[in-house]
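Enquirer: Sequential numbering from 1296 applies to the sequence shown in my numbering.
Ideal Cβ placement from N, Cα and C applies to all residues, glycine included.
The model shown is predicted, which means the values in this text are computed figures rather than measured ones.
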Amino acid sequence: MRPRDQLPVPVAGSRERSARVVRTGVLLLSSRSTVQFDSSEDYYAILGLDKNADLSTIKRAYRRLALQNHPDANKDPQAREKFIRILRAYEVLSNDEARKRYDAQRLWQTVTVWSGRWRYGYWTSTTGACR
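(1) Between which two residues does the alpha helix (DSSP H) holding residue 1376 run?
(2) Can you give me the Cβ contacts of residue 1337 inside the same chain, cut-off strictly under 7 Å, excluding the 5 residues immediately before and after it?
(3) Around the Cβ of residue 1379, are there at least 16 other Cβ atoms within 10 angstroms (buried) or fewer (exposed)?
(4) Whose CA, out of 1372, 1374 and 1346, lies closest to the CA of residue 1402?
(5) Within 10 angstroms of the Cβ of residue 1362, are there 16 or more other Cβ atoms? Answer buried if so, exposed if not.
(6) Pull up the distance between the alpha-carbon of residue 1442 and that of residue 1364, whole angstroms please.
(7) Between residue 1339 and the rest of its own chain, which residues show a CB-CB distance below 6 Å, the 5 nearest in sequence each way excluded?
Pasting the structure below:
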């Protein structure tokens, strides 16, 4: 057993970060939505938006891209797939509950990539992401 003065000191703000991660996980696990989303796709990038975009900006971006990529207007063979991705992104980002779940999932993935443990007086990564 180590003496108290030799125990590792937690990083400043680590308790707040831990609480935020737990709240995010609880939100992710407890919320239910009828809108399904693919967590591997970046819906903000598909619509060309910032993550802080408001609903009117999301609608404008969706309408612009939907007109450009609609299979009836665009004869590109990939237009149908692009249109479906745009529609899926709009469905998630325009629904408040689904957007919160999507944002929580994105944050959760970021946290798990940078997960690690306190070792030898500093934070070490279990994935090799932060050395």
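Expert: Reading off the structure:
(1) For the purposes of this step, residue 1376 is taken as residue 81 along the sequence shown, with counting starting at 1. 1374 to 1389 is the extent of the alpha helix (DSSP H) around residue 1376.
(2) Numbered from 1 along the sequence shown, position 42 holds the residue referred to as residue 1337. If we look at residue 1337 and ignore the five residues flanking it on each side, it has no Cβ neighbours.
(3) Your numbering for residue 1379 matches position 84 in the sequence shown. With fewer than 16 other Cβ atoms within 10 Å, it is exposed.
(4) Counting from one through the sequence shown, the residue named residue 1402 turns up at place 107. That would be 1346, whose Cα lies nearest to the Cα of residue 1402.
(5) Position 67 of the sequence shown, counting from 1, holds the residue named residue 1362. Burial call: exposed.
(6) Residue numbering for the chain in the displayed model covers 1296 to 1426; residue 1442 lies beyond these limits and cannot be assessed.
(7) The residue given as residue 1339 occupies position 44 in the sequence shown. These residues qualify, in order along the chain: 1346.
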